[in-house]
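J.: Under our numbering, the first residue of the sequence shown carries the number 73, and numbering increases by one thereafter. Heads up, the beta-carbon is just placed ideally off N, CA and C, and yes, glycines get one too. The structure follows.
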Amino acid sequence: MSSTSGVSNEGTKQRADQLSTDLRGTTTYLTGHDNDGKAIVHSVRPAAWKAFEDGNMGFNQIYTNTFWPDLNDDADVKYHDEVIAGGKLGLATKGGTVCRMVDFAPQYECMMHRTKSLDFGILVEGEIEMLLDDGSITRMKRGDVAVQRATMHAWRNPSTTNWARMVFVLQDTKPLVINGEKIGEDYGKGTEGVLPSGNDDE
């Protein structure tokens, strides 16, 4: 079991791959246990950003795992690292959970899309508009939370000057059926580099 002592906030400095120059850097702190069963900081992981849409949207993949995660011998951490290194993670994941941070450039609107998942979207910086396919637009402010229940939606940053940041937790779900029709993943126009989730084959 690895451990980190005297943890500081050095990881909060912006990294070179961060797109949002007006937002702070961010760090993930993974906890664990020492050989005596005491809680420790297992590892400190500065954000690693991947750019999409000509640099208008950035993903920081925080953590992903299966149901139920195996915490023994750091199996869950090894699983996460293998998935990220493999480069094949979609927005959601089959039989598991994805936690990701997303930065949105000023005036940027992502694709209208749906995943077969239950999503918690927490706005941590700026403002964001939640667009649904019924035509509604909901303005969210810092601290607001959206619970997306496999609905068709998009996100738009209404600011002309400032980036916005959200944290999403996506959990795989049972297939959704409405009026006898199975409602599956739909990436709309699509975004280059965003892969299928692979959980929609039931």
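Could you tell me whether the segment 191 to 201 touches the segment 214 to 222, where touching means 3 or more Cβ pairs closer than 8 Å?
T.: Cβ pair count under 8 Å is three or more, so yes.
J.: Please classify E257 as buried or exposed, where buried requires at least 16 other C-beta atoms within 10 Å of its C-beta.
T.: Walking along the sequence shown from the start, residue 257 turns up at place 185. Buried.
J.: Taking C-beta to C-beta, are M224 and M184 nearer than 8 Å?
T.: Working through the sequence shown from its first residue, we reach residue 224 at position 152. Working through the sequence shown from its first residue, we reach residue 184 at position 112. Contact flag set, yes.
J.: Within 10 angstroms of the Cβ of V174, are there 16 or more other Cβ atoms? Answer buried if so, exposed if not.
T.: The count along the sequence shown starts at 1 and reaches residue 174 at position 102. The residue in question, V174, is buried, as its Cβ has 16 or more Cβ neighbours within 10 Å.
J.: Mind checking if Y101 is an interface residue toward chain C, Cβ cutoff 8 Å exclusive?
T.: The structure shown contains no chain C; it holds only a single protein chain.
J.: Three-state secondary structure (DSSP) at E264?
T.: Numbered from 1 along the sequence shown, position 192 holds the residue referred to as residue 264. The answer is coil: DSSP assigns E264 none of H, G, I, E or B.
J.: What is the DSSP secondary structure of N251, reduced to helix, strand or coil?
T.: Within the sequence shown, numbered from 1, the residue matching residue 251 stands at position 179. Three-state result, N251: coil.
J.: State the start and end residues of the unbroken beta strand (DSSP E) segment that holds D175.
T.: To locate residue 175, count along the sequence shown from 1; it is residue 103. G168 to F176 is the span of the beta strand (DSSP E), which, as asked, contains D175.
J.: Looking at G109 and S269, is the spacing between their C-beta atoms short of 8 Å?
T.: The residue labelled residue 269 in the question sits at position 197 within the sequence shown. The residue labelled residue 109 in the question sits at position 37 within the sequence shown. Not a contact, by the Cβ cut-off of 8 Å.
J.: Considering only residues of the same chain and omitting the five flanking positions on each side of Q86, which have a CB-CB separation below 6 Å?
T.: As a working note, residue 86 is residue 14 in the sequence shown. Taken in chain order, the residues that qualify are G97.
J.: When we look at the beta-carbon of Q90 and count the other beta-carbons within 10 Å, is it buried (16 or more) or exposed?
T.: Position 18 of the sequence shown, counting from 1, holds the residue named residue 90. The residue in question, Q90, is buried, as its Cβ has 16 or more Cβ neighbours within 10 Å.
J.: Which whole-angstrom value describes the C-beta separation of N137 and G168, a residue pair presumed to lie in contact below a C-beta threshold of 8 Å?
T.: As a working mapping, residue 137 is identified with position 65 in the sequence shown. As a working mapping, residue 168 is identified with position 96 in the sequence shown. With a Cβ gap of about 5 Å, N137 and G168 count as contacting.
J.: Take N132 as the anchor and find which of A111, R237 and W140 has the nearest alpha-carbon.
T.: Counting from one through the sequence shown, the residue named residue 132 turns up at place 60. Minimum Cα distance to N132 is reached at R237.
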